[in-house]
Structures are given as structure tokens and as C-alpha cells.
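Novice: In numbering that gives the first Met the number 0, the protein residues as written are 0 to 363. All C-beta atoms, glycine included, are put in the ideal place defined by N, C-alpha and C. Once you've had a glance at the structure underneath, I'll fire off some questions.
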Amino acid sequence: MLKLKILRSIVIKRTLRNLISKQKRRRMNGGKIKYKSIKKKKLFRRLCAEVYAPSKIVLAREISHIFVSFKKEIEKKAKLASQNHQILKLNFRETSVIDAPACAVLIATLDTIRNQYPELKFSVIRPKPKPADRRKRGPYDVDGVFCHIGLYKMLGFNYTSSSSQKNVKCWHFIQSDNTDGSITAPLLNELKAMGVNTKGMYSSYIEAIANAVEHAYAENIQTHRYFPIKRWWMLLAILDNELSLFVCDLGHGIPNTLEKTQKASTLKKIWERLKQQLGKPTTDAIYIKASTLIKETRTGLGYRGKGGGDIRSIIDKTPNSSLIIRSNRGMYVYNGRNKADLVKESPYSIDGTIVQWNLPLDTN
0 MLKLKILRSI VIKRTLRNLI SKQKRRRMNG GKIKYKSIKK KKLFRRLCAE
50 VYAPSKIVLA REISHIFVSF KKEIEKKAKL ASQNHQILKL NFRETSVIDA
100 PACAVLIATL DTIRNQYPEL KFSVIRPKPK PADRRKRGPY DVDGVFCHIG
150 LYKMLGFNYT SSSSQKNVKC WHFIQSDNTD GSITAPLLNE LKAMGVNTKG
200 MYSSYIEAIA NAVEHAYAEN IQTHRYFPIK RWWMLLAILD NELSLFVCDL
250 GHGIPNTLEK TQKASTLKKI WERLKQQLGK PTTDAIYIKA STLIKETRTG
300 LGYRGKGGGD IRSIIDKTPN SSLIIRSNRG MYVYNGRNKA DLVKESPYSI
350 DGTIVQWNLP LDTN
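This is the structure we're talking about:
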């Protein structure tokens, strides 16, 4: 079966080259196009698996059907394109808005696909260019963001953008399979240059990164999913005078790992604290909230000693800041001690986790 697919792919490519060559020679000789029923675009479609991106790629308010469907379509067509020796074509032509958490997941998804199918080739249709705008809330320059953070380069394209918008130049991106925090040095230097106190921040996101690698891809958890790489992705963005840090992984998700990584006695106390009538949570969002209440972990590593408390400690110390965690179908927002938090459930899963800190720039 595989040999037939390879042979079919070779025949289609050779046929396309021959027809283009014949039509070119006929045009040069002043003749009419003979093969009217066979057009280049139609044959090219057979050689490509195309994914149309939505006009708004967003995750800020909720885990929406539009975003999850887009992510799953990329993963599905990448698999088919790899099996059929096709090109995966990503069409961002109509995309006009992208927010930071969705951008982090998109990068993580494409990076995972690139490593899972190393022979897969990509084709990209870039978003429509945006005119210069100096308004405080200028329009999103999606193409500029993709160029600046290296998304195109990751897919094999050296595209550039002349955008000078603040909501483009402020984005920074790194990725790693390590949990020692050494890769975060460039981000720390950038933050210090801006006058941001990174002392508490360092312990907070080191905990999130460590969890992403240690727990997110744990082999003792049953799943139908396959993890070609065990990696975390970090994105930093400065928008509307607010600094946001994002740590993303595409692992099992907090709801599937919490009970495997924490002591039963600790979880029992948390369930009682959260007044779970059935003994344990029934939604992903409650599992996420529970993960932030854990004060001890199974590991004995010194810098991991405070457990889930580290994840939100910087929020307790910084006025008007917030912690947002999205994992699988759940979303949890923590605004600090003695403030109302938010738990939100979605019918759709992002199949991973994004830990986000929002910190005002005018504070230390």
C-alpha cells in the first residue's frame, strides 16, 4: 500500500512538470493552451493539504471551538500530508488578530509537528499586510509577529517584516527541553533592562517549566496521544503597559497528572477545602485550582520545595496582577489573596497547559 502511494505521488509530480513544460512551449510558439481541463492549481491542490486559519486566533477569554478545531485540523492534515508525501499549506490570508496564549500554543503545535514529521514540507500564505498606525491600540500585525518571533523561520522561510509597532517588537520567544532555567537568561536580562524585579518571578516560572517537563509528559499515565518531543515553550509579550509571561506544554494536562504526582493525603485536604461533595473534582478547572493550592511535592529538589505555591507567589506580591492557567478543558484565574478567583470550563480541550502571569509594568 505504501509503495502504491509513493508511486502515485511520483506520477502526479511528473505529470504536472510535463504538462507545464508543454504548455509553456506552446505559448512561446504562439499556440493555444491544449490542456484546458487540467490546470496547475487543481493539480497543486492534490499535492497539498491546506489549512485555512480563522480570522481571529484567540484564547484570552475562553477555550473556543474555533481555536481547538483549527489546532486539530493542523495536526490531522499534517499526519495525512506526511503519509501521502504532500505539502502542508498554512493559509493565514484572512487572519487579522492573534493573542499571546493562542500564539504560544500555535508555535508549540507547529514545532511538535515539525519534529514528528521531519520530512514534511510546509507552504505558507502570509496574512494581509497592515498599514502603519500610531494609535495607542493599533491594529494587530499578525505577519509582523510571526516574523519577529521566528514562526516562519521555524517552518523554513526567511520572511521579514518592516513593522515597527510596539505590539510586535515587544514579543520574545524561547523553547527548551531543559528545566534548569539557563535558557531563560535572555528573558531575565530583557526584563531587568526594563526595570522589572525578577527575583520572585524566577522561582515562579522555574516551577512551571519544571512541571512541564517532569509531569506533563509522564510515561506512567495512560493516554492515546503520542509525544514526539518533551518540550516547553515560553513567550513574553508587553501589550497595553502590561507584561505577560507564558509557559506552554502539550502534555497530558494538569487534570490528568495531578493525582499521579501528588500525595493522596495532600489531595484529600484540598478536596475538603474546595468542598467537593463527590470526593474529588468533576471538572478540569477545579483540578487546575487544586494544583495551585499544593504546598508540597513528591520531588526532593531544593528549588521545587514550595510546590504549587510557587506558581502564584509572584501574584500575591504584585498588586493588580493575575495568574491564568489553561489546561485541557479548564481555565483558572487567580488575582491574589482575598480576591475573587474564576473557574471556567469548556467543552473543548487544548490538549496541553498554558501558565500565564500578567504583571503591570509600572510596579516593581
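From the DSSP output, which residues share a beta bridge with T352?
Specialist: Reading the sequence shown from its first residue, position 353 is the one you call residue 352. Paired residues: D248 and S326.
Novice: From what residue to what residue does the beta strand (DSSP E) around L341 run?
Specialist: Residue 341 sits at position 342 when you count from the first residue of the sequence shown. Note, L341: beta strand (DSSP E), L341 to E344.
Novice: According to the Cβ coordinates, are D283 and N327 closer than 8 Å?
Specialist: Residue 283 sits at position 284 when you count from the first residue of the sequence shown. Residue 327 sits at position 328 when you count from the first residue of the sequence shown. In contact: D283 and N327 (Cβ atoms closer than 8 Å).
Novice: Please determine whether the Cβ atom of S122 lies at a distance below 7 Å from any heavy atom of the ligand ZN.
Specialist: Among the ligands in the structure shown, none appear at all, so the ligand ZN cannot be discussed.
Novice: Should the segment 170-178 be regarded as contacting the segment 227-236, the criterion being three or more beta carbon pairs within less than 8 Å?
Specialist: The segment 170-178, when compared against the segment 227-236, does touch it at the 8 Å Cβ threshold.
Novice: Quick test of your reading: V50 and K88, contact by CB under 8 Å. State the CB separation rounded to the nearest angstrom.
Specialist: In the sequence shown, the residue the question calls residue 50 occupies position 51. In the sequence shown, the residue the question calls residue 88 occupies position 89. That belief holds up - the Cβ atoms of V50 and K88 are roughly 7 Å apart, short of 8 Å.
Novice: Measuring only the C-alpha atoms, how far is T256 from E344?
Specialist: The residue labelled residue 256 in the question sits at position 257 within the sequence shown. The residue labelled residue 344 in the question sits at position 345 within the sequence shown. Rounded to whole angstroms, T256 to E344 spans 18 Å at the Cα level.
Novice: Does the separation of the CB atoms of I86 and K120 fall below 8 Å?
Specialist: Your numbering for residue 86 matches position 87 in the sequence shown. Your numbering for residue 120 matches position 121 in the sequence shown. Against a cut-off of 8 Å, the Cβ pair of K120 and I86 comes out as a contact.
Novice: Nearest CA to the CA of K191: which residue from Q221, L242 and Y225?
Specialist: Translated into positions along the sequence shown, residue 191 becomes position 192. Per the Cα distances, L242.
Novice: Shortest alpha-carbon distance to T108 belongs to which of Q82, P126 and K70?
Specialist: Counting from 1 along the sequence shown, the entry for residue 108 is found at position 109. Measuring from the Cα of T108, the nearest candidate turns out to be K70.
Novice: Output the residue ranges of the beta strand (DSSP E) runs that lie fully inside the segment 83-154 and measure 3 residues or longer, sorted by chain position.
Specialist: List check, beta strand (DSSP E) in window: 86-90 and 120-124.
Novice: With burial defined as no fewer than 16 other Cβ atoms inside 10 Å of the residue's Cβ, what is the status of A339: buried or exposed?
Specialist: Taking the sequence shown and counting its residues from 1, one reaches residue 339 at position 340. It is exposed - the Cβ of A339 has fewer than 16 other Cβ atoms within 10 Å.
Novice: Keeping to the same chain, check which residues put their C-beta closer than 6 Å to that of I287; ignore five residues upstream and five downstream.
Specialist: Start at 1 with the first residue of the sequence shown, and residue 287 comes out as number 288. Excluding residues within five positions, the ones whose Cβ falls inside 6 Å are I253, I324, S326, G329 and Y331.
Novice: Quick check on Q22: does DSSP put it in helix, strand or coil?
Specialist: What you label residue 22 is simply residue 23 of the sequence shown in a count that begins at 1. Helix, per DSSP.
Novice: Classify Q82 as buried or exposed, calling it buried when 16 or more other Cβ atoms lie within 10 Å of its own Cβ.
Specialist: Within the sequence shown, residue 82 is the residue found at index 83, counting from 1. That one is exposed.
Novice: Decide if the segment 89-104 is in contact with the segment 46-64; the criterion is three or more beta carbon pairs, one per stretch, under 8 Å apart.
Specialist: The answer is yes - the segment 46-64 touches the segment 89-104, with three or more Cβ pairs under 8 Å.
Novice: Leaving out the 5 sequence neighbours to the left and right, which residues in its chain are closer than 8 Å to T222 when beta-carbon positions are compared?
Specialist: Counting from one through the sequence shown, the residue named residue 222 turns up at place 223. Answer for T222: H251 and N255, listed in chain order.
Novice: Alpha carbon to alpha carbon, what distance is there between T111 and I228?
Specialist: Here the question's residue 228 lines up with position 229 in the sequence shown. Here the question's residue 111 lines up with position 112 in the sequence shown. Answer to the nearest angstrom: the Cα atoms are 7 Å apart.
Novice: When the distance is taken between beta carbons, is I313 closer than 8 Å to K259?
Specialist: Counting from one through the sequence shown, the residue named residue 259 turns up at place 260. Counting from one through the sequence shown, the residue named residue 313 turns up at place 314. The answer is no: Cβ separation not under 8 Å.
Novice: Check this for me: beta carbons of P126 and V141, under 8 Å apart or not?
Specialist: The residue you call residue 126 lines up with position 127 of the sequence shown. The residue you call residue 141 lines up with position 142 of the sequence shown. Yes, the Cβ-Cβ distance between P126 and V141 is below 8 Å.
Novice: Hey, would you say A217 sits closer than 8 Å to T352, going by beta carbons?
Specialist: Within the sequence shown, numbered from 1, the residue matching residue 217 stands at position 218. Within the sequence shown, numbered from 1, the residue matching residue 352 stands at position 353. Not a contact, by the Cβ cut-off of 8 Å.
Novice: Quick check on the DSSP output: the beta strand (DSSP E) that includes Y51 runs from which residue to which?
Specialist: Here residue 51 is taken as the residue at index 52 of the sequence shown, counted from 1. Counting along the chain, the beta strand (DSSP E) containing Y51 begins and ends at C47 to Y51.
Novice: Within the continuous beta strand (DSSP E) that includes A364, where are the two ends?
Specialist: This structure cannot speak to residue 364, because the chain is shown only from 0 to 363.
Novice: Roughly how far, in whole angstroms, is the beta-carbon of S160 from the beta-carbon of C169, given that I think they are within contact range, below 8 Å?
Specialist: As a working mapping, residue 160 is identified with position 161 in the sequence shown. As a working mapping, residue 169 is identified with position 170 in the sequence shown. So it is not a contact: roughly 14 Å between Cβ atoms.
Novice: With 16 as the cutoff for other CB atoms within 10 Å, does N337 come out buried or exposed?
Specialist: Working through the sequence shown from its first residue, we reach residue 337 at position 338. The residue is exposed, with fewer than 16 neighbouring Cβ atoms inside 10 Å.
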